[in-house]
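As structure tokens, the structure follows; a few thoughts come after it.
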Amino acid sequence: MNEPGGKRDPEGTRRRILEAATQQFSTLGLSGARVDAIATAAETNERMLYYYFQSKEGLYVAVLEAMYADFARHEVSLDLAGLPPSDAIRELARSIWDYFRANPRWLSLINNENLHEGQYLGRSPKLTEAISPVVDLLRGTLARGAAAGEFRADVDALDFYVTLAAMGYYLVSNRFTLKAFVGRNYSEPSVIEAVTKMQVEMLLAYLGPETAARYP
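For the sequence shown, position 21 (counting from the first letter as 1) is numbered 21 according to full-length UniProt numbering, and the numbering increases by one without interruption.
Quick look at the structure:
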């Protein structure tokens, strides 16, 4: 299908639509985003948008899938297997938390989807494919730590991953309200470093075999 002016660049067109839609959805949400504005920003027309994504909701799901896929690619690119288990947990935690801070649009999309109670994410079969490699990466690290006697052996990898992600997510997604409420700017580098150190120590303390003996 030809672009306006007779050009054919299907991958480029699809990429531009996704980028324009990401901007619209992350700032205006699903209900506020406009198809005509997305098409204009992508330098195409509404007909092409519907050709590639069928509907506004279909485009929204595609944006969510793309954002989660990018996140998963970032995490599985880490060479955790080459690090001692404790260092691997530190690296994974810092990497996830740094990603959140570097990608505020992603957090905005997640917050918006929570307003929809996850109904659009639930339509996507691709999301499990995105999260599974990251959890498998963590599961392997936890197993290595348990085998070496550094970690307790009863840690659920998915629960630990969700807890780890939540620690960083909250401080980034709520940074503005936290500053207004408690008077501390959790976007300042010195504050980020201090809190990150504390959170990593909390995670490693939980993983310690002595914690399992104390709290069976």
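Each residue gets a CB set at the ideal place from its N, CA and C atoms; glycine is no exception.
| Item | Value |
| --- | --- |
| For a test of the three-state rule: what should DSSP assign to residue 57, helix, strand or coil? | helix |
| Which residue's Cα is closest to the Cα of residue 90: 175, 197, 71, 51? | 197 |
| Note down the Cα distance separating residue 6 from residue 43, rounded to an integer number of angstroms. | Its pLDDT being 43, under 50, residue 6 is placed unreliably by the model, and the measurement read from it follows with that caveat. Straight-line Cα distance between these residues: approximately 13 Å. |
| Closer than 8 Å by C-beta to residue 159: which residues in its own chain qualify, once you throw out the five before and the five after it? Chain order, please. | none |
| Check each candidate in 14, 26, 69 and name the one with the smallest Cα separation from residue 50. | 14 |
| Measuring alpha carbon to alpha carbon, tell me which of 150, 105, 103 ends up nearest residue 220. | Outside the shown range of the chain (1 to 216) lies residue 220, about which nothing can therefore be said. |
| Which class does residue 170 belong to by DSSP, given the choice of helix, strand or coil? | helix |
| To test your reading of the DSSP string, which unbroken alpha helix (DSSP H) runs of 4 or more residues are found completely within the region 24–92? | 35–41, 46–53, 56–76 |
| Could you give the distance in angstroms between the alpha-carbon of residue 176 and the alpha-carbon of residue 211? | 35 Å |
| With respect to the alpha helix (DSSP H) encompassing residue 152, which residues constitute its N-terminal and C-terminal limits? | Run containing residue 152: none; DSSP gives neither H nor E here. |
| Do you know how far the Cα of residue 74 is from the Cα of residue 94? | 12 Å |
| In three-state terms, what does DSSP make of residue 118? | coil |
| Where residue 232 and residue 60 are concerned, what is the direct C-alpha to C-alpha distance, given to the nearest angstrom? | Here the chain comprises residues numbered 1 to 216, so residue 232 is not present and cannot be evaluated. |
| Give the range of the alpha helix (DSSP H) segment to which residue 201 is assigned. | 189–207 |
| With a threshold of 8 Å, are at least 3 pairs of Cβ atoms found where one atom belongs to the region 135–143 and the other to the region 64–72? | no |
| Can you tell me where the alpha helix (DSSP H) with residue 175 in it begins and where it stops? | 175–182 |
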